[in-house]
Structure formats: structure tokens, C-alpha cells
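Student: Take the sequence shown: its position 420, counting from 1, is numbered 775 in the numbering used here, and each next residue is one higher. Before we start, here is the structure in question, set down as C-alpha cells.
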Amino acid sequence: MSDIETVCVQGGWHPGDGDPRQIPVYQSTTWRYATSERMGRLFDLEEPGYFYTRLQNPTNDFVAARIAELEGGTAAMLTSSGMAAVFFSVFNLCGAGDHLISSSAIYGGSFNLFAHTMARMGIEVTFVPPTASDGELAAAFKPNTKCVFGETIANPALSILDLERFARISHEHGVPLIVDNTFPTPVMCRPFEWGADIVVHSTTKYMDGHASATGGAIVDSGKFDWMAHADKFPGLCAPDESYHGIVYAERFGKEGAFITKATSQLMRDFGSIQAPQNAYYLNIGLESLALRMRQHCANAQAVAEFLAADQRVAWVRYPGLPGDAYHELARKYLPDGSAGVISFGVAGGRAAAEAFMARLKMAQIETHVADSRTCVLHPASSTHRQMTDDELEAAGIGADMVRFSCGIEAARDIIADIDQALG
Ligand SMILES: *Cc1c(COP(=O)(O)O)cnc(C)c1O
């Protein structure tokens with residue numbers, strides 16, 4: 356494969372003679388066919404083609420192909436949001452009566468989805484800390500466990516998942532590892548290289564990068580052998596009665612079964628497609644992803660070093676700081692930098708943190724993160740306010756914690772803003 360900088364601009368869309376250079380936006384809900392027989396073959400998945408944008412749209416597929424190439428996967432799809440991608444990735448494998456294991460250090464929305472909404476669907480979750488030993492992780496498996504889920508770099512805890520170890524133990528139990536790779540993006544880490552089977556993204560974050568378009572993506576490594584565990588995954592390995600008895604793992608193989616099923620079943624029934632216009636914006640973001648990620652990481656390293664040396668700051672967490680609890684894992688999985696997000700505590704606790712936020716001038720208070728403009732958040736009073744103190748602690752979030760997302764401005768200006776706001 357080409358280097359990542361090249362794939363960012365060349366991947367996914369390969370125009371033919373006389374075709375537009377930039378990805379065309381197929382702003383159409385539907386496609387016309389000359390005969391009903393032809394359309395019938397599309398419905399039976401006997402030949403590829405488009406018929407209705409609730410399921411698939413070519414613009415989305417060009418962009419998804421670029422993301423698949425960036426991650427080193429075999430197939431990908433775009434969703435309307437990161438949450439839709441997280442939900443589909445898990446629900447594509449689990450049904451009522453099934454169980455999944457998740458790292459406890461995950462995005463607040465994913466935590467709610469697993470702990471509350473999916474519980475109402477009869478799907479049970481066991482949370483394990485990202486630091487769980489081999490024994491602790493192995494003990495969480497049940498006969499009905501269908502997958503393990505974690506975040507490469509947890510938002511906002513900034514813990515790092517030991518990808519190779521989690522993948523090995525998942526595979527020992529015959530299930531895939533699903534990794535949310537939103538924060539590092541494939542520029543900084545490619546989880547498939549460490550054994551992960553499925554990757555999901557909130558493309559709303561660095562991939563779009565400009566706070567323009569909400570979106571998500573699911574990528575399949577094409578490596579998990581569903582048929583070798585056919586009893587565990589009847590949805591992929593037994594006939595789908597809602598789709599004319601098709602067996603996805605037989606018809607589409609390891610490379611295509613997961614995404615084909617998620618498209619033809621879950622997109623059909625839940626309809627969380629990304630608007631093609633948003634896919635177009637996302638694609639423009641992808642073109643500068645490698646450049647932007649380097650600047651985000653360099654800025655975050657400089658800001659983290661400034662904070663670590665300042666008496667007005669109680670603690671700093673950034674995987675790039677020597678002495679950080681996850682520094683060794685960062686050196687292994689994220690040798691060129693992790694992401695632009697830092698968390699720290701302002702000396703003086705919750706009240707001091709809120710006063711600091713109110714004094715910031717350039718950095719803006721937003722629920723958003725991973726954007727080209729510096730933004731900042733107090734998770735305990737916003738994104739994570741529905742969690743109990745015990746749940747907050749398990750997720751690695753203190754009441755004094757500030758999540759600081761370094762943009763691509765000059766590091767000097769970001770540091771000057773923090774300096775004046777610390778008072
Ligand atoms: C934001 C985020 C999500 C959810 O994505 P949306 O696009 O907001 O739905 C999921 N995982 C992580 C790590 C995130 O940061």
C-alpha cells in the first residue's frame with residue numbers, strides 16, 4: 356500500500372477518462388433501471404448496484420473506500436454519526452440474550468448505549484478496566500459473549516488500550532475485537548496491525564476536522580473467520596430469512612460479510628445513512644488528515660509539557676509525557692504521537708476548573724473535541740453528568756478534570772491563552 360499521506364488524497368476515488376477529479380455528490384435518493392429483473396438481482400445482492408440512498412450511496416462508498424484503505428481494511432461503510440457506527444458494529448453481532456465485554460474507559464455516549472439502551476434490548480455488558488490483567492479479562496467471558504469493545508485512546512480518560520493483548524484474549528475466546536479509533540485516526544495508529552478485527556470512527560472528530568459534518572465509519576479488517584465460529588455468529592453464518600436466505604459469510608467471505616450484513620440489514624432497518632453531502636465534506640477533511648494530525652500532536656506535546664511544569668496545575672495526563680501511566684503503551688502503539696487531546700486538573704478542584712474555563716479567550720467551551728480550533732470541556736458537568744461518582748471513577752474522570760483539545764493554531768498562542776486563564 357502507498358504511504359498514508361498519499362492515501363489521504365488519492366484513496367477511494369479513481370476517476371476514469373473524462374470523469375470529475377473531485378468526488379461527485381450523488382444527490383439522489385433513488386436509481387432507475389430498465390427492467391424489474393435487473394432490480395430484482397440487486398435486491399437479491401446477486402450483483403452490486405444502487406437503488407435507494409437509505410441503504411447505500413456511491414459518494415459515501417468512495418469515501419468509505421478511502422477510509423478502508425487508510426485503516427488497511429477490506430470493506431467499510433459510513434454512518435450518520437459515530438454513535439450509529441458504534442451501535443451497528445456491536446448489534447451486527449449481538450442480539451437479545453447475548454453478552455459483550457467493553458473497556459470501562461470509553462466515550463460517555465458509548466457507555467450509555469451499552470449500559471442502558473442495549474440492556475433494554477436484552478444485551479448484557481460487562482465492563483472491565485483497560486488495565487485489566489489477562490486473567491481479569493478472561494474471567495469476563497461467558498458462553499454467550501459475542502465481542503470485545505474498547506477505544507485505542509479513550510475519550511476523555513486518555514487511557515490506551517493494550518490492543519495486542521486484548522485482541523489475543525478475544526481470539527482465544529473465539530470473538531472479534533472492535534476498536535473505536537476516533538482519537539488517533541489511522542495516521543497515528545492502525546489497530547488492524549495489532550490484531551483488532553473491526554474499527555469504528557466518529558468521523559465528526561479529526562477525520563472531518565473542521566466541525567462541519569457529523570458522521571461515523573465502520574471498517575472490517577477482513578481477517579476474522581466467522582465460519583470457524585459459526586455457532587456463535589448465526590447472523591453471519593446461517594441463512595438470513597429477511598434476505599431470501601442469504602448466508603453472508605458464505606456469499607461475501609471474511610472480507611465482505613460483516614459490512615454487507617450491516618448495510619443490507621441494519622441500514623435497511625435503522626436507516627442511519629450519512630448524507631452524501633456530508634460524506635463530501637468528510638472527504639475534504641481526509642485530504643489534510645495526515646498534516647493536521649502531526650500539528651495537533653506537536654501542539655498537544657508542547658501544551659502538556661507547559662502544564663506539567665506549572666504549579667497552578669494539579670496533574671496532567673497526556674500519553675506523550677514521560678511518567679504518564681500510559682506512556683509505555685503510547686510508545687508501542689502511538690510512536691509518532693497520540694492525538695491533540697490532553698486532560699488535566701486545575702489546582703483547587705471543581706471550582707478552580709470552572710473559573711479557568713470562564714477566563715479562556717481563544718479556547719472555546721464546546722462539547723466538541725478533535726477540531727482544528729482549540730476547544731475545552733469540563734466532562735463531569737457536561738458529557739458525563741449522567742454518570743454516578745463510581746462510574747466516573749471507573750471511566751477515569753475526576754470532578755476537577757478539564758479536557759483540552761489542542762487545535763492547529765500556533766502552540767505559542769494556545770499556551771499564552773492557558774497561561775492567562777490559570778490566573
Ligand atoms: C464523539 C465520539 C463518538 C460518538 O460520535 P458522534 O459522531 O458524536 O456520534 C464515539 N466515540 C468516540 C471516541 C468519540 O469521541
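Cβ coordinates follow ideal geometry from the N, Cα and C atoms, glycine included.
Can you round the beta-carbon distance between Asp552 and Pro539 to whole angstroms, since I take them to be within the 8 Å contact cut?
Tutor: Not confirmed; about 17 Å, so no contact.
Student: Output the distance between the C-alpha atoms of Met491 and Glu709, rounded to the nearest integer angstrom.
Tutor: This sequence places Glu at residue 491; Met is not what is there. Cα to Cα, the separation comes out at about 37 Å.
Student: How about the segment 408-415 and the segment 440-447: do they share at least three Cβ pairs that are nearer than 8 Å?
Tutor: no
Student: Between the segment 695-709 and the segment 749-759, can you find at least three pairs of beta-carbon atoms closer than 8 Å?
Tutor: The segment 749-759 vs the segment 695-709: in contact.
Student: Bridge partners of Glu479, per DSSP?
Tutor: His454
Student: Quick one: using the 10 Å Cβ neighbour count with 16 as the cut-off for buried, is Leu594 buried or exposed?
Tutor: Looking at the sequence shown, residue 594 is not Leu but Pro. Classification of Pro594: exposed, given that the 10 Å Cβ count is below 16.
Student: Could you tell me which residues DSSP pairs with Ile515 in its beta bridges?
Tutor: According to DSSP, which records beta bridges pairwise, Ile515 is partnered with Ile508.
Student: Beta-carbon within less than 7 Å of Tyr636's beta-carbon, same chain only, minus the 5 sequence neighbours each way: which residues are those?
Tutor: Once the five neighbours on either side are set aside, the close Cβ partners of Tyr636 are Asp563, Ser567, Ala568.
Student: Measure the C-alpha to C-alpha separation of Glu721 and Ser737 and round it to an integer number of angstroms.
Tutor: 10 Å
Student: Helix, strand or coil for Met756? Go by DSSP, reduced to three states.
Tutor: strand
Student: Identify every run of the alpha helix (DSSP H) within the segment 686-727, keeping only runs that are complete inside it and at least 4 residues long; order them along the chain.
Tutor: 704-714
Student: Could you pull out every residue in the same chain whose Cβ sits closer than 6 Å to the Cβ of Ser465, ignoring the five residues on either side in sequence?
Tutor: Only residues of its own chain outside the window of five on either side were considered, and among them Val441 have a CB closer than 6 Å to the CB of Ser465, listed in chain order.
Student: Going by DSSP in three states, Asp774 sits in which element: helix, strand or coil?
Tutor: helix
Student: To the nearest angstrom, report how far apart Phe661 and Ile770 are at their CA atoms.
Tutor: The alpha-carbon atoms of Phe661 and Ile770 are separated by roughly 7 Å.
Student: Should Val418 be listed as close to ligand 1, given that the test is whether its C-beta is under 7 Å from any heavy atom?
Tutor: no
Student: Less than 7 Å between the CB of Gly608 and some heavy atom of ligand 1, yes or no?
Tutor: no
Student: For Asp575, report the span of its beta strand (DSSP E) as first-last.
Tutor: 571-575
Student: Can you look up Ser557 in the DSSP assignment and give me helix, strand or coil?
Tutor: strand
Student: Check each candidate in Ile533, Gly529, Arg647, Gly570 and name the one with the smallest Cα separation from Phe584.
Tutor: A small fix is needed here, since residue 584 is His in this sequence, not Phe. Nearest of Ile533, Gly529, Arg647, Gly570 to His584, Cα basis: Gly529.
Student: Taking the continuous alpha helix (DSSP H) assigned at Ala659, which residues delimit it?
Tutor: 644-663
Student: Tell me the DSSP secondary structure of Tyr681 in three-state form.
Tutor: DSSP, read as helix, strand or coil, puts Tyr681 in coil.
Student: Inspect the beta-carbon positions of Leu518 and Pro546 and report whether they are closer than 8 Å.
Tutor: yes
Student: Residues in its own chain within less than 7 Å of Asp453 by CB, not counting five upstream and five downstream?
Tutor: Ile478, Asn499, Lys501
Student: Any chance the segment 588-606 sits against the segment 421-437, with 3 or more Cβ pairs inside 8 Å?
Tutor: no
Student: Just to confirm, is the Cβ distance from Glu506 to Ser458 under 8 Å?
Tutor: yes
Student: In or out: Ala718 buried (at least 16 other Cβ within 10 Å) or exposed?
Tutor: buried
Student: Which residues mark the beginning and the end of the alpha helix (DSSP H) in which Asp780 is found?
Tutor: For residue 780 there is no data in the structure shown, the boundaries of the chain being 356 and 778.
Student: With Val445 as the anchor, note down where its alpha helix (DSSP H) starts and where it stops.
Tutor: 437-446
Student: Could you tell me if the beta carbon of Val530 falls within a distance shorter than 7 Å of some heavy atom in ligand 1?
Tutor: No - ligand 1 has no heavy atom lying nearer than 7 Å to the Cβ of Val530.
Student: Could you spell out the range, first to last residue, of the alpha helix (DSSP H) harbouring Ile359?
Tutor: 359-365
Student: Among the candidates Met432, Trp549, Gly395, whose CA atom is the shortest distance from the CA of Ser627?
Tutor: Met432
Student: Answer yes or no: the CB of Met438 versus the heavy atoms of ligand 1, is any distance below 7 Å?
Tutor: yes
Student: For Ala522, which residues in the same chain have their Cβ closer than 7 Å to its Cβ, ignoring the five residues on either side in sequence?
Tutor: Leu532, Trp549, Gly550, Ala551
Student: Nearest to Ala420 by CA position, among Thr414, Met742, Gly367, is which residue?
Tutor: Gly367
Student: From this set, Asp580, Ser619, Phe613, Ile752, which residue's C-alpha is nearest His599's C-alpha?
Tutor: Comparing Cα-Cα distances from His599 to each of Asp580, Ser619, Phe613, Ile752, the minimum goes to Ser619.
Student: Within its chain, find whatever has a CB closer than 7 Å to the CB of Ala612; leave out the 5 residues flanking it on each side and keep chain order.
Tutor: Exclusion of the five residues before and after Ala612 leaves Trp581, Leu591, Tyr603, Ala604 as the residues of its chain whose Cβ lies within less than 7 Å of its Cβ.
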